[in-house]
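So the sequence shown is numbered by the numbering used here: it starts at 50 and just counts up by one. What follows is a set of notes on a single structure, which appears directly below.
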Amino acid sequence: MRISIVGGGYVGLVSAACFAELGHIVEVVEIDEKKVLLINSGKPPIYEKGLEDLLARNVGKRLVATPLYDGVAESDLSFICVGTPPLPDGNADLSVVSSAAGSIGESLRRRGGRHVVVVKSTVPPGTTEQLVVPMVMKSSGREPDEVGFVMNPEFLREGVAIEDFMKPDRIVIGATDGWAGDLVESVYEKLNAPVVRTGLAAAEMIKYASNALLATKISFSNEVGNICKKIGVDVYEVMRGVGMDHRISPHFLDAGAGFGGSCFPKDVAALARLAEELGEDPVLLRSVMEVNRRQPLKMVDLLEGKIGNLAGKRIAVLGLAFKKDTDDVREARSVPLILELKRRGAKVAAYDPLAVPAMEKIVPEVEYCKSAKDALRMADGCLVITEWDEFKNLDEEFDHMKSRVVIEGRRVLSCGGGEGICW
Ligand code: NAD
Numbered sequence: 050m051r052i053s054i055v056g057g058g059y060v061g062l063v064s065a066a067c068f069a070e071l072g073h074i075v076e077v078v079e080i081d082e083k084k085v086l087l088i089n090s091g092k093p094p095i096y097e098k099g100l101e102d103l104l105a106r107n108v109g110k111r112l113v114a115t116p117l118y119d120g121v122a123e124s125d126l127s128f129i130c131v132g133t134p135p136l137p138d139g140n141a142d143l144s145v146v147s148s149a150a151g152s153i154g155e156s157l158r159r160r161g162g163r164h165v166v167v168v169k170s171t172v173p174p175g176t177t178e179q180l181v182v183p184m185v186m187k188s189s190g191r192e193p194d195e196v197g198f199v200m201n202p203e204f205l206r207e208g209v210a211i212e213d214f215m216k217p218d219r220i221v222i223g224a225t226d227g228w229a230g231d232l233v234e235s236v237y238e239k240l241n242a243p244v245v246r247t248g249l250a251a252a253e254m255i256k257y258a259s260n261a262l263l264a265t266k267i268s269f270s271n272e273v274g275n276i277c278k279k280i281g282v283d284v285y286e287v288m289r290g291v292g293m294d295h296r297i298s299p300h301f302l303d304a305g306a307g308f309g310g311s312c313f314p315k316d317v318a319a320l321a322r323l324a325e326e327l328g329e330d331p332v333l334l335r336s337v338m339e340v341n342r343r344q345p346l347k348m349v350d351l352l353e354g355k356i357g358n359l360a361g362k363r364i365a366v367l368g369l370a371f372k373k374d375t376d377d378v379r380e381a382r383s384v385p386l387i388l389e390l391k392r393r394g395a396k397v398a399a400y401d402p403l404a405v406p407a408m409e410k411i412v413p414e415v416e417y418c419k420s421a422k423d424a425l426r427m428a429d430g431c432l433v434i435t436e437w438d439e440f441k442n443l444d445e446e447f448d449h450m451k452s453r454v455v456i457e458g459r460r461v462l463s464c465g466g467g468e469g470i471c472w
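Structure follows, in structure tokens:
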């Protein structure tokens, strides 16, 4: 199959590389020309485990990147994988989805034959039908029976994105036309994964509901963890017992500093906003976000409780990425944590194995260090906010601090030296 992937970010590039690995001919349409050059030279513009190997095997053979939409008309399907960031009111910003749909349509105008436009970006229910379909049909001038539309949400997790793409729990295919849904299903055939066929809006809602439920599990565990800490009970022991119930599952029950990343925060906010617009009061979703907002601030309070006023104190922050094995700092809990430390007058010395360049762009006035040991040197306190494997065995590095005051936002240290935010 010939596939166009519009947007070469985390979702687009991983999908493109995996589709190429499955034997499809893939063209990535990416407006950022620097990313195009990197992809075509086999270098992923983002860090994702295994991606460089996939590019090495497929670039120049079955995978190519371009800033132009010209090739879309030659392909059988185009997947829209552009960003849908949050607007200030919580709604998803659909302007890039809309312009991508318009550009796909313009390309389709040049050539006849059937084509399927697939929305993979996370979009609010109704978007494919009310925005993407009219945009493509208007700019392509094609007959309705020539262009099919499918909503195929992506569930990959950064850090293990390739594994998630290749071994999905399910593939959701929302379609109004059977032939278009069948074509998308055939693209994934080799994965042998369960397929859920739905309408367009249901597929869009499945993605929001999934992310909102996972975020709810995290905030729930954090709230239980906060209670456990007060009564001296280990929340990890509690959640191990809770998670063994097959109705609950052990996943997403790790209490800590809260969730970040490019998906959960914005998707929960967008679902809550949608509820409000429909006259529903999203009590639960608002609480999920509020618990998440408070967790990193709790770490700062804990630290202040131990070492007093933070003004002028050197605080080591270990970890910046929103989770391990990625350089993504979007909505990372390290951001509000560092801003709060700085607001209270602390001098922040931060270290992350991958995410320093990304973080420097967001919070420049921080001392970024080359190692955990450098950040810890003469520090008055330390906050661990990402569960990187290389932090697991830190121990004597903490001896370089003025005093060994360590608060963990993720349970990662094995030396037993840290007090946890919820344990
Ligand atoms: P991203 O910001 O990493 O990538 C988007 C890419 O699209 C960028 O490289 C950007 O330069 C490019 N782009 C912007 N406008 C374009 C245009 N008009 N034409 C072509 N390319 C254009 O975003 P992402 O993290 O890959 O997320 C994409 C979508 O997938 C979002 O809706 C997100 O919610 C969803 N999603 C993300 C993840 C994740 O883990 N990152 C997981 C599942 C779903």
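Every residue gets a Cβ at the ideal spot worked out from N, C-alpha and C, and that includes glycine.
Residues of its chain near residue i, where Cβ-Cβ distance is below 8 Å and the 5 sequence neighbours each way are ignored
i, result
"glutamate 439", "Pro402, Ala421"
"tyrosine 285", "Asp303, Ala304, Arg460, Trp472"
"arginine 289", "Pro299"
Residue i - DSSP class collapsed to helix/strand/coil
i, result
"histidine 164", "strand"
"aspartate 291", "Looking at the sequence itself, residue 291 is valine, so the reference to aspartate does not match. If DSSP states are grouped into helix, strand and coil, valine 291 belongs with the helices."
"isoleucine 470", "coil"
"threonine 247", "strand"
"arginine 395", "The sequence given here places alanine at residue 395; arginine does not occur at that position. Alanine 395: coil per DSSP, three-state reduction."
"glycine 197", "strand"
"isoleucine 297", "coil"
"serine 463", "coil"
"valine 233", "helix"
"leucine 126", "strand"
"valine 33", "Nothing in the structure corresponds to residue 33, since the chain is present only between 50 and 472."
"isoleucine 356", "helix"
"isoleucine 222", "strand"
"glutamate 380", "coil"
"glutamate 416", "strand"
"threonine 375", "coil"
"aspartate 102", "helix"
"tyrosine 59", "helix"
"serine 311", "coil"
"arginine 342", "helix"
"proline 406", "helix"
Residues bridged to residue i [DSSP beta-bridge criterion]
i, result
"tyrosine 400", "Leu367"
"glycine 139", "DSSP lists no partner for glycine 139."
"cysteine 431", "Ala365, Val455"
"arginine 51", "Ile74"
"leucine 112", "Val75, Val108"
"valine 85", "None, per the DSSP bridge assignment."
Spatial neighbours of residue i in its chain, beta-carbon cut-off 6 Å, leaving aside the 5 residues before and after
i, result
"valine 454", "Lys355, Ile356, Gly430"
"alanine 74", "Rather than alanine, the amino acid found at residue 74 in this sequence is isoleucine. The answer, listed in chain order, is Arg51, Arg111."
"cysteine 418", "Ala398, Tyr400, Ala424"
"asparagine 89", "Ala114"
"valine 236", "Met50"
"glycine 56", "Cys130, Val131"
"alanine 210", "Val63, Glu97"
Residue burial classification, residue i (beta-carbon count within 10 angstroms, cutoff 16)
i, result
"histidine 164", "buried"
"proline 137", "exposed"
"valine 349", "buried"
"glycine 309", "buried"
"alanine 105", "exposed"
"lysine 373", "buried"
"serine 127", "buried"
"glutamate 253", "buried"
"lysine 256", "buried"
"tryptophan 472", "buried"
"arginine 160", "exposed"
"isoleucine 276", "exposed"
"tryptophan 437", "buried"
"serine 170", "buried"
"aspartate 448", "exposed"
"leucine 62", "buried"
"serine 463", "exposed"
"proline 93", "buried"
"isoleucine 297", "exposed"
"valine 332", "exposed"
"proline 314", "buried"
Sequence-distant residues of its chain with Cβ nearer than 7 Å to residue i (five each side left out)
i, result
"leucine 390", "Val349, Leu359, Ile364, Val397"
"proline 116", "Glu79, Ile80, Glu82, Val85"
"valine 182", "Phe198"
"valine 415", "Ile387, Val397, Ala399"
"lysine 347", "Ile470"
Contact between the stretch 325-338 and the stretch 404-421 (3+ Cβ pairs under 8 Å):
No contact exists between the stretch 325-338 and the stretch 404-421.
Using 8 Å as the threshold, is the stretch 265-277 in touch with the stretch 296-307, meaning 3 or more CB pairs across them?
Yes: the two stretches touch, three or more of their Cβ pairs being nearer than 8 Å.
The stretch 168-182 in contact with the stretch 139-152 per 3-pair CB rule at 8 Å:
Contact holds: three or more Cβ-Cβ distances are below 8 Å.
Decide yes or no for the touch test of the stretch 200-220 against the stretch 243-257: beta carbon pairs closer than 8 Å, at least 3 of them.
Touching, yes.
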